[in-house]
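K.L.:
Respectively, the protein sequence lines represent chains A and B. So the first sequence is numbered by our numbering: it starts at 1 and just counts up by one. So the second sequence is numbered by our numbering: it starts at 101 and just counts up by one. Glycine included, C-beta positions come from ideal geometry on N, C-alpha and C. Just so it is clear, the structure is predicted and the values come from calculations on it, not from any experiment. Below is the structure I would like to discuss, written out as structure tokens.
Number of protein chains: 2
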Amino acid sequence: MARVVVDVMPKPEILDVQGQAVTRALGRIGVSGVSGVRQGKHFELEVDDAIDDETLHRLAGSLLANPVIEDWTVTRL
Amino acid sequence: MARVVVDVMPKPEILDVQGQAVTRALGRIGVSGVSGVRQGKHFELEVDDAIDDETLHRLAGSLLANPVIEDWTVTRL
């Protein structure tokens, strides 16, 4: 068994309303010095050792991320 | 300006319905070899260099994560 992390983020040109909401909320609770926040998804998968990187990348792009508006990275721990 | 990543995950004892849904969906689309998926949130922050780690950890625990049901890690890139 291997552990794999997939991080999915909105593409840079896509408006990230969740991240903007967090940025504004930081100002309201008195935290200064944070100029930008972008929010995405973080997946931790338990996979068989037999699964290769190409399969993982395809799996992430078809089920975990929307390739039209999101980028994703696959990292083996 | 420094970049900071905050990953927020449901605590191990908390039922993760999103992750369970992804795990089942994998089986339906014909992907075998993935025995578990847990889903959390991934934040990328742009912060001033003056902000110290303790402030970042407090910020993450008060605004980005719910400490009752979630764990979080803070990583400087």
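Would you please verify whether the beta carbon of G36(A) is less than 8 angstroms from any beta carbon of chain B?
P.N.:
Taking a beta-carbon distance threshold of 8 angstroms, G36(A) counts as an interface residue toward chain B.
K.L.:
Kindly list the residues whose CB is nearer than 8 angstroms to the CB of M101(B), restricted to its own chain and excluding five residues on each side of it in sequence; keep chain order.
P.N.:
E146, V147, D148 and D149
K.L.:
Checking contacts by CB at 8 angstroms: is A2(A) closer than that to chain B?
P.N.:
no
K.L.:
May I ask you to report which of helix, strand or coil DSSP gives G27(A)?
P.N.:
helix
K.L.:
Check whether the segment 17 to 28 of chain A touches the segment 60 to 75 of chain A, taking contact to mean three or more Cβ pairs, one atom from each stretch, closer than 8 angstroms.
P.N.:
The count of Cβ pairs closer than 8 angstroms, one atom from the segment 17 to 28 of chain A and one from the segment 60 to 75 of chain A, stays below three, leaving the stretches out of contact.
K.L.:
Whole angstroms are fine: how far does the CA of L77(A) sit from the CA of L64(A)?
P.N.:
18 angstroms
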